[in-house]
RNA sequence: GCGGGGGUCGCCUAGCCUGGUCAACGGCGUAAGGCUCAGAACCUUAUCUCUUAGGAGUUCGUGGGUUCAAAUCCCACCUCCCGCACCA
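Here you go:
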């Protein structure tokens, strides 16, 4: 029979919607407020996005069934630059992007036409994503939906920022950034062609004096100034002379460009060809000595300043170049033969001139040898970590290189003989727009001061108290907090809210998305038009969120009617704080941590977030999803092929929270089949259950209670994979056993029992597979909605410990019979079972008590048993004790307890039911004797090996 | 470099926090059987080694330790993966 999932989904979705099942308003019940990081609508969502939302939805649905008033809202994050970039690429007719829209995202042509406007892109994918969420069955209260460019939201973010500023948490600073000169915007890895990280390194520029000019050399090793023997200059480059902040520098043309971005005032005054400088001398700062300027074709004009200082003792390049120069043709008017390396650093394992040592060791013969790179690295790291400065460095004598480097740099900068420039580590780096990136010193940028020690400490202490799932991620939060520094919170382009006190800046997307959960509590009133953004002032937010201010005054100032103001306040106070926030683990080092930081800064403690739940990502057939692999499956098309529930389960069941979930067709098909069989099965059983319960019935009810409590516990810990296993698979084996027992007895009265059990299973399945659960619920003839049913709670009165022990004894005995048959390969003609003699039962109880009390020493146990006449028979069979102790130890803790509590089962009675089962398997009956039965049939003398819960078996 | 997480029976994975339920869940693969004209799907059984009595032996990256008992706790080592900022 076929199950039409599309029809089922539509039917129940419609019902949920019509009955407004998931629209939540404050009421007297306890509330539960669950949120997920809202999506950025620049593409349709795919299977991977579905994971976090599905987890949150399961959480919401579970809590709802537990009796909480649950709010699960959703918004859309329009803030940011990627959509802006997309719009521009549309304007430029970017073929690849347009192709993606058409074939990958299936955007209708008339929509694409509007995509030159960024908001149109966001609006389109917003609706697309929303439709997918509805189809997935997420129990979202859509009345509270908003986007981050809504005017009211803007007012809210402005309030947030003014608050942060009041608390002194917004600071201004000047920092170097990777920069696109065309976009006038910072660039990061995502903004570059080929996703190159525009990383850069700080160089110290050392100012050598030449005539009236400054010859600046860029270096990573300012401390080697003491070992400089000469200057290298490229004779073929035409240098520029420029006024740089009042000094006249000789630099390469490229360097002049770079300096301009580093906020230097640069004015060109002329040019000078490199070869004209060769043979002249320059003064070394700090040392006040003259060194010659020598030609070096390896000096690149696009690197640093185009002028290089030479430290042959510690820089292999310099050493080799000098050697080569000495061997080459003489430079007129200059004797370089006496130019010797000046050693200034002492390092274990190296001689006077480490550069020479390495060059000789590596067999390097000329300055074009690529091995020089390697040699430089070696020296740099060995000297940096192990080197100390020599006496000829004056007051830096004995200092380690690591320390001296910083001190020399600082001292020289303070003395005006050095400066700082930044150089991209690899260039060129190109922006997505095609322009070549530079390093820019960005002035007076706004930062959130996440370095503040007090703020950090406050966050640390709250992290210690919060619920964080899974637990192992808590540590990571602490590390992120420690590591976090100031973070730029505004940029110059993109969608978003303007910085209230400086409208040239737009608040950056990771900073306007940290306390918006509070906004959900009032967005309902904004959407209904009850409150409007027109005259909204900070006092409105102060009153609603912080309970500060006079309602009358706020009402008249903001134009919000008193009642609406009061409603909004009550609504916020009811729902806040956030009880659970769900997100992917990629947001731990940023959003989730900022979320904590900002809540702590702005809200009083009672409104701080209670719990964070973090999940891993989704793989596609074991591989990472990526556009280039073409393995991204859009969520909505997956729903059409597999059905929403199957996708939900496939994502949830393949991994625990933090693991990467693997989505594969195989698994989805399996789950779909499983759900279909459950749905079909649910039409078969009707109430009522039989009045008299057989042992196997009491057993299956007992098992049901256990499954309920195990499942509940698992969901509470968000171990959804485990929970689903209990509901879907683990219990299945029990049901099969029950069916087998019933069939062996030729019973036909247990439909009502199955009805009970399926009803409980439907309820427990409801948070995970809501559509299938509704259908099952309905098929079973239950009233109302499964989504609104109570979550089953375990009923201890239905747990029959003896039934549990008895059934497990039956199963184990059948297993033993099967094992014997298998090993001996005989076809059974006659099966005899012997239960243990009564004294063994008594001994078993004693031993169980001892073991439970922690006594596992066989000798001690035997002694105490012998001393008691009731169990003195143990002398006849000391091995019994050892075997029994092992039996008990190999039982799970819970089983031992239940055996302890239930007392011994009446094995003779239990085995009276085994015949029908053996008959079903082997076509013959079973004879049962007690070991103590004098008249027993026991040709092989087997009976004596019987133990409680381990009968002796004879198969012939 | 800094920080985080792993290495389990052919493969993927559970178990580890809270030591005995562990020869170790589950899935895939493989083999046999069932079903079928055949195949796909599905179902059953098996899948470390040995074993004609329900058993025994050797396993959970490597080496050591704690314990009556270790995949699980402790120490050391080897090794793999991920994140590292003005980006959502």
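Numbering (the working numbering), first residue to last: 60 to 1015.
Ideal placement from N, C-alpha and C gives every residue a C-beta, glycine not left out.
If you're wondering where the values come from, they're calculated on a predicted model, not measured in any experiment.
Asked, Found
"Buried versus exposed call for residue 116 [16 or more other C-beta atoms within 10 Å across all chains shown]", "buried"
"Pairwise C-alpha distance: residue 944 and residue 964", "18 Å"
"Stretch pair the stretch 264-276 + the stretch 684-694: three plus CB contacts closer than 8 Å", "no"
"Inter-residue spacing [alpha-carbon to alpha-carbon] between residue 882 and residue 948", "26 Å"
"Start and end residues, beta strand (DSSP E) containing residue 755", "Counting along the chain, residue 755 falls outside any beta strand (DSSP E), though it belongs to the alpha helix (DSSP H) covering 754-775."
"Buried versus exposed call for residue 785 [16 or more other C-beta atoms within 10 Å across all chains shown]", "buried"
"Residue 665 to residue 710 span [Cα, whole Å]", "35 Å"
"CA nearest to the CA of residue 382, picked from 391, 392, 369", "369"
"Residue 426, DSSP secondary structure in three states", "coil"
"Assigned exposure category for residue 271 - 16 Cβ within 10 Å defines buried", "exposed"
"Residue from 118, 957, 893 whose Cα sits closest to the Cα of residue 765", "957"
"Cβ-Cβ separation, residue 300 to residue 307 (assumed contact under 8 Å), whole Å", "6 Å"
"7 Å Cβ cutoff met for residue 449 and residue 403", "yes"
"Contact under 7 Å by Cβ, residue 341 with residue 290", "yes"
"Start and end residues, beta strand (DSSP E) containing residue 670", "670-674"
"Per-residue DSSP class, three states only, for residue 490", "strand"
"Whole-angstrom C-beta distance between residue 528 and residue 716, which should lie under 8 Å", "7 Å"
"Residue 509 (DSSP reduced to helix, strand or coil)", "coil"
"Extent of the continuous alpha helix (DSSP H) run through residue 141", "141-150"
"Beta carbon of residue 203 nearer than 7 Å to that of residue 132", "yes"
"Short Cβ contact (7 Å threshold) for residue 689 with residue 719", "no"
"Residue 705 and residue 671 closer than 7 Å at C-beta", "no"
"Spatially closest choice to residue 1003 from 1015, 955, 938, by CA coordinates", "938"
"Assigned exposure category for residue 136 - 16 Cβ within 10 Å defines buried", "buried"
"Straight-line Cα distance separating residue 109 from residue 160", "21 Å"
"Unbroken beta strand (DSSP E) run spanning residue 643, endpoints", "639-643"
"Same chain, Cβ closer than 6 Å to residue 455, neighbours up to 5 away in sequence not counted", "448, 463"
"Residue 542 burial status per 10 Å Cβ neighbour count (16 or more: buried)", "exposed"
"Three-way DSSP call (helix, strand, coil) for residue 302 in this model", "strand"
"Residue 418 versus residue 377 - alpha carbon distance", "11 Å"
"Which listed residue (566, 787, 460) has its alpha carbon closest to that of residue 506", "566"
"Beta-carbon contacts of residue 582 that lie in its chain and below 6 Å, excluding the five residues immediately before and after", "203, 205"
"Minimum C-alpha distance to residue 245 - residue among 725, 488, 642, 430", "488"
"Residue 657, buried or exposed, once every other Cβ within 10 Å from all chains shown has been counted against 16", "buried"
"Start-to-end residues for the alpha helix (DSSP H) that takes in residue 45", "Residue 45 is absent from the structure shown; the chain starts at 60 and stops at 1015."
"Bounding residues of the alpha helix (DSSP H) (the contiguous stretch that carries residue 907)", "897-911"
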